[in-house]
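Protein sequences, first through last, are from chains Y and U.
This note's numbering puts the last residue of the first sequence at 343; the count rises by one with no breaks.
This note's numbering puts the last residue of the second sequence at 378; the count rises by one with no breaks.
Note that beta-carbon positions come from the ideal geometry of N, C-alpha and C, so glycine has one too.
Keep in mind it's a predicted model, so treat the numbers as computed, not measured.
A quick write-up on the structure given underneath.
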Amino acid sequence: MTDLFQRLWGHFFGPKVSLVLAYLTDAVAILVFILLTVMFLIWLERKVAARFQNRLGPMRVGRPHGWLQSVADVLKLLLKEDVIPTKADRWVFTLAPIVVVVPAILIWVCIPFSRNLVAKDLNIGIFYIISLASLGVLGIIMGGWAANNKYTLIGGLRSAAQMISYEIPLVLSVVAVVVLAGTMDMNGLVARQAPYRWFVFWVPVGPLAFLIYLTAAVAETNRVPFDLPEAESELVSGFHTEYSGMKFGFFFLAEFTNMFAVSAIATTLFLGGWLGPGNLGPLWFLIKTYAIVFFIMWLRWTLPRVRGDQLMKLAWKVLLPSSLVVLFLASVMVAVGFGGARG
Amino acid sequence: MTVDYEVQEMLPEPHEFHELELNMGPQHPSTHGVLRLLLTLDSEVILKAQPHIGYLHRSFEKFAEGMTYTQFLPYTDRLDYVSAITNEFGYCLAAEKLAGIEVPRRAQYLRVIAAELQRIASHLLFVATFGNDLAAVTVFLYGFRDRERVIDILDSLSGQRLTYHYLRLGGVMADAVPGLDRKVLDLVDYLIPRLDELDELFTNNVIFRRRTENVGILTAEQALDFGVSGPNLRGSGVAWDVRKADPYSSYQDFEFDVPTGRQGDCFDRYAVRIEEMRQSLRILKQAVEGLPEGEIRTKVSRNLKPPAGEAYAHVEGARGDVGFFLISDGSTNPYRLKIRGPSFIHTMALETILKGWKIADVIAVLGSIDIVLGEVDR
Numbered sequence: 001m002t003d004l005f006q007r008l009w010g011h012f013f014g015p016k017v018s019l020v021l022a023y024l025t026d027a028v029a030i031l032v033f034i035l036l037t038v039m040f041l042i043w044l045e046r047k048v049a050a051r052f053q054n055r056l057g058p059m060r061v062g063r064p065h066g067w068l069q070s071v072a073d074v075l076k077l078l079l080k081e082d083v084i085p086t087k088a089d090r091w092v093f094t095l096a097p098i099v100v101v102v103p104a105i106l107i108w109v110c111i112p113f114s115r116n117l118v119a120k121d122l123n124i125g126i127f128y129i130i131s132l133a134s135l136g137v138l139g140i141i142m143g144g145w146a147a148n149n150k151y152t153l154i155g156g157l158r159s160a161a162q163m164i165s166y167e168i169p170l171v172l173s174v175v176a177v178v179v180l181a182g183t184m185d186m187n188g189l190v191a192r193q194a195p196y197r198w199f200v201f202w203v204p205v206g207p208l209a210f211l212i213y214l215t216a217a218v219a220e221t222n223r224v225p226f227d228l229p230e231a232e233s234e235l236v237s238g239f240h241t242e243y244s245g246m247k248f249g250f251f252f253l254a255e256f257t258n259m260f261a262v263s264a265i266a267t268t269l270f271l272g273g274w275l276g277p278g279n280l281g282p283l284w285f286l287i288k289t290y291a292i293v294f295f296i297m298w299l300r301w302t303l304p305r306v307r308g309d310q311l312m313k314l315a316w317k318v319l320l321p322s323s324l325v326v327l328f329l330a331s332v333m334v335a336v337g338f339g340g341a342r343g
Numbered sequence: 001m002t003v004d005y006e007v008q009e010m011l012p013e014p015h016e017f018h019e020l021e022l023n024m025g026p027q028h029p030s031t032h033g034v035l036r037l038l039l040t041l042d043s044e045v046i047l048k049a050q051p052h053i054g055y056l057h058r059s060f061e062k063f064a065e066g067m068t069y070t071q072f073l074p075y076t077d078r079l080d081y082v083s084a085i086t087n088e089f090g091y092c093l094a095a096e097k098l099a100g101i102e103v104p105r106r107a108q109y110l111r112v113i114a115a116e117l118q119r120i121a122s123h124l125l126f127v128a129t130f131g132n133d134l135a136a137v138t139v140f141l142y143g144f145r146d147r148e149r150v151i152d153i154l155d156s157l158s159g160q161r162l163t164y165h166y167l168r169l170g171g172v173m174a175d176a177v178p179g180l181d182r183k184v185l186d187l188v189d190y191l192i193p194r195l196d197e198l199d200e201l202f203t204n205n206v207i208f209r210r211r212t213e214n215v216g217i218l219t220a221e222q223a224l225d226f227g228v229s230g231p232n233l234r235g236s237g238v239a240w241d242v243r244k245a246d247p248y249s250s251y252q253d254f255e256f257d258v259p260t261g262r263q264g265d266c267f268d269r270y271a272v273r274i275e276e277m278r279q280s281l282r283i284l285k286q287a288v289e290g291l292p293e294g295e296i297r298t299k300v301s302r303n304l305k306p307p308a309g310e311a312y313a314h315v316e317g318a319r320g321d322v323g324f325f326l327i328s329d330g331s332t333n334p335y336r337l338k339i340r341g342p343s344f345i346h347t348m349a350l351e352t353i354l355k356g357w358k359i360a361d362v363i364a365v366l367g368s369i370d371i372v373l374g375e376v377d378r
């Protein structure tokens, strides 16, 4: 992508200027894509929920089927009064949504939509993504702490405990795939799955790692059945109870970006990324990603919420040991000659 | 500041960690109205839970002294507004007992039909809100969807959707609408598969079971000590139902079972209500099929003057034993009215049930105990 943009800008400017401009174009393209996707996802979530519940969902703003609803919602959030509680820590309170949203967006630098449609194909792509993804929890703790409210504090603490616990099995399941592929480069990972040897089919490691990854990913993104940090029936709204206006909007944006990101990563790691019949890279990528997004939404509108101790038990007593076993199996598979680094 | 020594004694052992006091309610998404729970927490474990009530107090008992017996009837709808018919039922029985009024058999059956429809509507609302509390939002909407069907029938009987004022002293307001039997039988055919669907979606869900089984246990002894009644008492394993123990309004004519739970946890209280809906459907079927012909109302003077004396009558409401105690001094107005609201008693039991559980369990217990604040505060 950067090369393409650099060549385009190169028609008008010198090589250095056009490189900077190319990066800027990348950034704008990613931002626009994410904002549009999140708006679409919010609309989709409401429509999916409505279908599950024998309702229609948004129908009024924009015809047909209220497709402008998200635009109206964003406008409302932008126009709302931005309330900062008197007793809150102003700086931390303001910084928190930014700390949550920035890593969520930076992740997209490395995600390959097709062989060439990737902003920057780092050779440690998946490592970069995982390390950025773990930063988001800082913002949540900051937000929970700074608002100076007991509900947000409990929400923030719950979130910290949950996200740190689930990151370990998440990373281990990813490492199992990395061991199989012998590369951390996102496009390299996809290439190792060509044409239809997707990692999810690599029995026994693939399906198990996929299952562990999906479970941990749902917990990472704080969604039902693991949405304890914002359990509205217990903690009003969890860590973002005191936020309003666009600050709240940022948390919401980060949440949906993360949901889309974990689905995109699952697609790349397990479902062969943009691979598929025909030369339709980005289309296959989006189809697979949206399938996982739909699955996550399906869970949300079907299941009740688990309790904190049950959540921890699942992470430490079930997911962590089984992800270690999966990692061990992956090493064994490589040792006996399946997968591993090429050449 | 004065120190209440009795309260001081009830506090738990001095704790080495800092305790957190958390006000849950009166504005909170899952306290079902304006209940305020003052929780003392050690991280997420509840050391103490004190219910604070009174935010919805409207002094209905005092109102009753200033109006005639007939005039007070619509006020009873506003006690437990989720189950209005059963409140009217209790009050009518008490007033009729006081004045010695006989109710025609057809009216008795119509009252039973209305009360059982109301019980189903109320339990469906319980399922809905319980699901919502446990973040199963879909169950919430399914519950409301099915409740709508029931309310449609009550609407055709009384012309109202929430506060019906269908029962009158001496009988009921209006006769059964034509085709009532068909409507009720259709409802039975509609609801039984819906209840099975609910079992599939919610009751047998592993997460739901883990959240509710062995959580918030109220033993049979504790329940009896507190005076807990209705589904909550039966959830604790005591098969006591006013409809069986002290039959009123021809309930002895109908065949139905009294479901009980095993140990009084949240799941038992939930399962008892689900089974009660099935039993109510059984009663409804028998009632519409055996609906006797005849008068629907005994003539009762608008300025009813019961002889001096007192009367107590109670019915099995959706939430428990709803009792009305009336004292007459021979004038047109009651001298005193005392209402026994089961929700009030269940709220008082919360302190015992909640101790030692986690915040997340507060929600499960509050949902499963199913209180309506209109009845707690009266």
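Whole-angstrom C-beta distance between residue j and residue i, which should lie under 8 angstroms
i, j, result
"residue 94(U)", "residue 312(U)", "7 angstroms"
"residue 80(Y)", "residue 322(Y)", "Wrong, their Cβ atoms sit about 45 angstroms apart, outside the cutoff."
"residue 120(Y)", "residue 109(Y)", "5 angstroms"
"residue 124(Y)", "residue 39(Y)", "That pair is no contact at about 31 angstroms."
"residue 228(U)", "residue 345(U)", "6 angstroms"
"residue 354(U)", "residue 128(U)", "Not a contact, Cβ separation roughly 23 angstroms."
"residue 288(Y)", "residue 271(Y)", "5 angstroms"
"residue 300(U)", "residue 101(U)", "6 angstroms"
"residue 296(U)", "residue 104(U)", "6 angstroms"
Simplified DSSP assignment, three categories, for residue i
i, result
"residue 319(U)", "coil"
"residue 10(Y)", "helix"
"residue 52(U)", "strand"
"residue 297(Y)", "helix"
"residue 40(U)", "strand"
"residue 139(U)", "helix"
"residue 239(U)", "coil"
"residue 325(U)", "strand"
"residue 90(U)", "helix"
"residue 81(Y)", "coil"
"residue 65(Y)", "coil"
"residue 297(U)", "strand"
"residue 313(U)", "strand"
"residue 167(U)", "strand"
"residue 111(Y)", "coil"
"residue 192(U)", "helix"
"residue 355(U)", "coil"
"residue 217(U)", "coil"
"residue 381(U)", "The first residue shown for chain U is 1 and the last is 378, placing residue 381(U) beyond what the model contains."
"residue 172(U)", "strand"
"residue 1(U)", "For residue 1(U), the predicted model reports a pLDDT of 42, less than 50, meaning its position is unreliable and no value from the coordinates is stated."
N-terminal and C-terminal residue of the beta strand (DSSP E) that residue i is part of
i, result
"residue 335(U)", "334 to 340"
"residue 24(U)", "20 to 24"
The alpha helix (DSSP H) enclosing residue i, as first and last residue numbers
i, result
"residue 221(U)", "220 to 226"
"residue 213(U)", "Counting along the chain, residue 213(U) falls outside any alpha helix (DSSP H), and DSSP gives it neither H nor E."
"residue 27(U)", "Where residue 27(U) is concerned, there is no enclosing alpha helix (DSSP H), given that its DSSP letter is neither H nor E."
"residue 338(Y)", "No alpha helix (DSSP H) contains residue 338(Y), which DSSP labels as neither H nor E."
"residue 165(Y)", "150 to 181"
"residue 61(U)", "60 to 65"
"residue 131(Y)", "125 to 133"
Touching by the beta-carbon criterion (3+ pairs, under 8 angstroms), the stretch 191 to 202 of chain U and the stretch 129 to 144 of chain U: yes
Would you list, in chain order, the members of the stretch 336 to 361 of chain U that have their beta-carbon closer than 8 angstroms to a beta-carbon of chain Y? 358, 359, 360, 361
Could you please tell me which residues of the stretch 69 to 91 of chain Y, in chain order, have their CB closer than 9 angstroms to any CB of chain U? none
Can you pull out the residues from the stretch 132 to 163 of chain U whose beta carbon lies closer than 9 angstroms to at least one beta carbon of chain Y? Correct list: 132, 133, 134, 135, 136, 137, 138, 139, 140, 141, 142, 145.
Which residues, in chain order, does the stretch 34 to 59 of chain Y contribute to contact with chain B at a C-beta distance below 8 angstroms? Annotation note: the requested chain B is absent from the structure, which comprises protein chains Y and U.
Report the residues of the stretch 91 to 103 of chain Y with a CB closer than 8 angstroms to any CB of chain U, ordered along the chain. none
Taking 8 angstroms as the threshold, find out whether the stretch 80 to 96 of chain Y comes into contact with the stretch 142 to 159 of chain Y through three or more Cβ pairs. yes
Sufficient close CB pairs (3 or more, under 8 angstroms) joining the stretch 185 to 198 of chain U to the stretch 310 to 325 of chain U: no
Near-chain Y residues of the stretch 196 to 214 of chain U - C-beta to any C-beta below 8 angstroms: 201, 202, 205, 207, 208, 210, 211
Chain-ordered residues of the stretch 36 to 60 of chain U with a beta carbon less than 9 angstroms from chain Y: 41, 43, 44
When the Cβ atoms of the stretch 115 to 134 of chain U are set against those of the stretch 71 to 88 of chain U, are three or more pairs found closer than 8 angstroms? Cβ pair count under 8 angstroms is three or more, so yes.
Of the residues that make up the stretch 307 to 332 of chain Y, which ones have a beta carbon closer than 8 angstroms to any beta carbon in chain U? 307, 308, 309, 310
Can you give me, in chain order, the residues of the stretch 287 to 308 of chain Y that have a beta carbon less than 7 angstroms from any beta carbon in chain U? 301, 302, 303, 304, 305, 306, 307, 308
Are three or more beta carbon pairs between the stretch 279 to 288 of chain Y and the stretch 155 to 165 of chain Y nearer than 8 angstroms? no
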